[in-house]
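See below for the structure under consideration.
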Amino acid sequence: MTQYVYDFEHGDKDQKDLLGGKGANLAEMTKLGLPVPPGFTITTEACRAYLAQGQAPAELGVQVTKELRLLEQKMGRRLGNSEDPLLVSVRSGAKFSMPGMMETVLNIGLNDDSVEGLARVGGDDRFAWDSYRRLIQMFGATVMHIDSSKFAEALDRKKQEHGAKTDPELSVDGLKELVDEYKEIVREETGRDFPQWPREQLDMAIIAVFKSWNTERARLYRRRERIPHDLGTAVNVCTMVFGNMGESSGTGVAFTRDPSTGHAGHYGDYLINAQGEDVVAGIRNTMSLADMGDHHPEPFKQLEANLRLLETHYRDLCDVEFTVERGKLWMLQTRVGKRTANAAFRIAGQLVDEQLITMDEALERVTGEQLVQLMFPQLDPNGERTLVTKGMAASPGAAVGKVVFDSAAAVEQAAQGEDVLLVRRETNPDDLSGMIASRGILTARGGKTSHAAVVARGMGRTCVCGAEELTIDPVAKTITVGGKTYGEGDWMSIDGATGEVFEGRLEVVPSPVMRYLEEGLEAGIEGQDDETVELVRAVDRILTHADSVRRLQVRTNADTAEDSQRARQLGAQGIGLCRTEHMFLGDRRVLIERMILAKEEGEKQAALDALLPLQRQDFVEMLEAMDGLPMTVRLLDPPLHEFLPDLTELSVKVAVAEAKGESDQHDTELLEAVRKQHESNPMLGLRGVRLGLTVKGLFALQVRALAEAAAIRKQAGGDPRPEVMVPLVGSINELDLIRDESEQIIRTVAEEKGVELSMPIGTMIELPRAALTSERIAESADFFSFGTNDLTQTTWGFSRDDVEAAFFNNYMDKGVFTVSPFETLDQTGVGRLVKLGAEGGRKGNPDIHLGVCGEHGGDPQSIHFFHGVGLDYVSCSPFRVPVARLEAGRATV
Ligand code: ADP
Ligand code: MG
Ligand code: MG
9 MTQYVYDFEH
19 GDKDQKDLLG
29 GKGANLAEMT
39 KLGLPVPPGF
49 TITTEACRAY
59 LAQGQAPAEL
69 GVQVTKELRL
79 LEQKMGRRLG
89 NSEDPLLVSV
99 RSGAKFSMPG
109 MMETVLNIGL
119 NDDSVEGLAR
129 VGGDDRFAWD
139 SYRRLIQMFG
149 ATVMHIDSSK
159 FAEALDRKKQ
169 EHGAKTDPEL
179 SVDGLKELVD
189 EYKEIVREET
199 GRDFPQWPRE
209 QLDMAIIAVF
219 KSWNTERARL
229 YRRRERIPHD
239 LGTAVNVCTM
249 VFGNMGESSG
259 TGVAFTRDPS
269 TGHAGHYGDY
279 LINAQGEDVV
289 AGIRNTMSLA
299 DMGDHHPEPF
309 KQLEANLRLL
319 ETHYRDLCDV
329 EFTVERGKLW
339 MLQTRVGKRT
349 ANAAFRIAGQ
359 LVDEQLITMD
369 EALERVTGEQ
379 LVQLMFPQLD
389 PNGERTLVTK
399 GMAASPGAAV
409 GKVVFDSAAA
419 VEQAAQGEDV
429 LLVRRETNPD
439 DLSGMIASRG
449 ILTARGGKTS
459 HAAVVARGMG
469 RTCVCGAEEL
479 TIDPVAKTIT
489 VGGKTYGEGD
499 WMSIDGATGE
509 VFEGRLEVVP
519 SPVMRYLEEG
529 LEAGIEGQDD
539 ETVELVRAVD
549 RILTHADSVR
559 RLQVRTNADT
569 AEDSQRARQL
579 GAQGIGLCRT
589 EHMFLGDRRV
599 LIERMILAKE
609 EGEKQAALDA
619 LLPLQRQDFV
629 EMLEAMDGLP
639 MTVRLLDPPL
649 HEFLPDLTEL
659 SVKVAVAEAK
669 GESDQHDTEL
679 LEAVRKQHES
689 NPMLGLRGVR
699 LGLTVKGLFA
709 LQVRALAEAA
719 AIRKQAGGDP
729 RPEVMVPLVG
739 SINELDLIRD
749 ESEQIIRTVA
759 EEKGVELSMP
769 IGTMIELPRA
779 ALTSERIAES
789 ADFFSFGTND
799 LTQTTWGFSR
809 DDVEAAFFNN
819 YMDKGVFTVS
829 PFETLDQTGV
839 GRLVKLGAEG
849 GRKGNPDIHL
859 GVCGEHGGDP
869 QSIHFFHGVG
879 LDYVSCSPFR
889 VPVARLEAGR
899 ATV
């Protein structure tokens, strides 16, 4: 026979699957000998059975009866007995804490008779009747699904009638009348009486907890938190103890350390003569735990001892709920407590110092996302603020600046030393210079994966996107919101961690952790208070430990010497992806244009020749910044039309000119070229290696520029380590053609310059066919770099630029996926191709080096996966480098 019911005395903290978090920890505390009111837990398995069959398993009722009798025997009282009633609480408790679920029902077992018994035994009428009205109220709302405002209104009316300002002022007579009115509400709303039979109350409450697993808000919460829908919840039946039995009683919550700052030492709130949720509900002012010591010294001393015991036992920050009934302390709940990023690092450091955990375990107590939060500057929390609107928290940090409406203005004003905030309806690749020049970016459209958001995160620039209430008029240069208008030059402040937009110029507080990461420990702790010093030291120790245990190397994606330098400071061990397309934008765009428009070879070669020294100089600077470390350069990837004007705009321009009889030869030719380059599916079109094999001389130019740059660095006594990476390869034949040509060029340059050049040549694996034929491709590749952005795009058949805005939110609501596959790697699908590609690669070439570039390289969950499939490195944007270092370390423990 399946056992569905477990006494608190039979279970432990490792049985969360079966007993839920609350039940498992109640059992653990009981085992530790802490004063837990006796009770029992009904398993998640019983809940699953109920949900599957629509009724409780037949044996459940029998098992509950047996446990209840044992409980009654232990307590020497019977449930709802009219002389001396045993009362219980019925508490939900899933494996993961879920605030979206049913609330607890207290005081089960009270009825018209037992309330009198409770009053006699407790020697307090008021307390008994208050408990009864709470039962009907909670039971009515959560078990019988009556709108809770009905009860709240009745309570307010009653208080008014009796001239009571607060709940505790309501007299016994008032409470008795209220109970009658509550019972009347139950009758009216449900067509039945409030159940008087205690066991019926208990059974109804248990079933209600089972059902609460599938309420709309519980489902919503699970989707958001990525909790599976098939776990079910446990139900805890726990003997009631009363914190509302007068002045020697009370109830509170406590933490073994401060969960918001990480400050060592117990911390909490206490309320005298109160029950259950009163503390959290904030109805009355609570006192601190220290003050509790003055009022109730004995239970306080015991509580302190228990907190210490729990922390030693769990070896982590614990939070507890407790109640004091007439001087006796009862422990009602404990769990390993949630904490802020700040507290997480400090506490992990403290626990290592106290030799409660090892450094490996310290790694498990913090996350990359917590580190991110510590890296960004923040708006001064003490400053005065006027909220304008709220958008999406796209890239954290604080940005304060004067509003500008286009990139040109941003660049111009920033050059004059102004702090500017770029405000756009949405951004596009042309806004890059403006985004770089700005303190932060604010857009009215687009989600967390919009261009603005992705680019801003990559640069570590603060960004709030999708602030839909804003009406942005870039021509009139105004922002209108809620009847107010702001113009160019007005100060605004945005908080990228919350999405909040404020009026005016708020103070920004820099992050000492960032200073530490960029400039070292001394700089990070200089001039800081003790708590901050402790934080920075903890981050340093933990990150250093992560570096010492991780197997994955961490490289960066960088296209400029400046980014390379910064990434190197942040711990990057090379460049995993240098995109060359940015080197063809700006002033150089005309050269590309000239190359595309060229009618004859000579003209085309001239354009390419003009590009060569420019590109070479970019590489020289980057190789210098990355001296001694590998630098993987990706040959040109995007379709050429990205370097040409927009088809529609140009068509209009040409048509207008023609109508005026002022047609321009260049524009007309350009339009023809743009038409020719036009593709309906550019992402699946002429790009990557296809471009290299079609546009003669293009890749050759890039390889030559890189080889010559390396030669220059060598001659200057440097240690350049360039690598050539071919994008979008699907077949070994493509790679072979480029490889042959490249090797030829490298040899020639080496001879010309009289230096030795070794330049590994590898390929991206970003098409399913490349992953499937990786064993073959590896024969011609020195390395693979998994381009998981395109691999996701091509595996799912999603056009990244279109689908996210079109239906991803809907997909997430419907649970098709819980997170965008462009954010966190789809391990079951795309991940399978990565695994296959890696295995094939190693078979085809045992010396092959395997890495990953793209957004996933900086995503914690994805990093753990890449570690698992045995890649050699991940590459991510400079600001994600510390995160990747930490997560790569965490992946090993
Ligand atoms: P939650 O998961 O929302 O914290 P709980 O089951 O812990 O719900 O209960 C809510 C409140 O009721 C808590 O403050 C708890 O201390 C109190 N409570 C629960 N069971 C009992 C009990 N047997 N005796 C006294 N108070 C209780
Ligand atoms: Mg609660
Ligand atoms: Mg609780």
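Following my numbering, the numbering of the sequence shown begins with 9 at its first residue and continues without gaps. All C-beta atoms, glycine included, are put in the ideal place defined by N, C-alpha and C.
Would DSSP call residue i helix, strand or coil?
i    : result
V547 : helix
F330 : strand
K219 : helix
L126 : helix
D263 : Asp is not the amino acid found at residue 263; the sequence shown has Phe there. Residue state, collapsed to three classes: strand.
W205 : coil
Q835 : coil
G401 : Reading off the sequence, residue 401 comes out as Ala, not Gly. The answer is strand: DSSP assigns A401 an E or B state.
F651 : helix
K6   : With the chain covering only 9 through 901, there is no way to say anything about residue 6.
Y12  : coil
I604 : helix
I444 : helix
L578 : coil
A484 : coil
M522 : helix
I449 : strand
Determine the burial state of residue i: buried for a count of at least 16 other Cβ atoms within 10 Å of its Cβ, exposed for fewer.
i    : result
P437 : exposed
T10  : exposed
T294 : buried
K410 : buried
T320 : exposed
T479 : exposed
W205 : exposed
F815 : exposed
R99  : buried
Considering only their Cβ atoms, is the gap separating residue j from residue i smaller than 8 angstroms?
i    : j    : result
V544 : T588 : no
G862 : V891 : no
L616 : G700 : no
H649 : Q685 : yes
I144 : F202 : yes
N89  : G125 : yes
R624 : A717 : yes
Y12  : A54  : yes
V428 : S403 : no
S766 : L585 : no
I502 : M467 : no
R323 : L364 : yes
Give me the residue from the options with the minimum Cα distance to residue i.
i    : options                   : result
F384 : A418, L701 and R465       : R465
E255 : T702, V541, F135 and V662 : F135
D277 : T269, G301, H271 and G270 : G301
Given this structure, state the Cα-to-Cα distance separating residue i from residue j, to the nearest angstrom.
i    : j    : result
R354 : M253 : 39 angstroms
T241 : G19  : 16 angstroms
G795 : V838 : 11 angstroms
G852 : A789 : 9 angstroms
V737 : L655 : 28 angstroms
F308 : H553 : 39 angstroms
G31  : I193 : 33 angstroms
G425 : G376 : 34 angstroms
A715 : N741 : 23 angstroms
A475 : T832 : 24 angstroms
Q421 : E680 : 37 angstroms
I720 : A713 : 10 angstroms
Q573 : R808 : 30 angstroms
M109 : A102 : 9 angstroms
N115 : E434 : 56 angstroms
L430 : A423 : 14 angstroms
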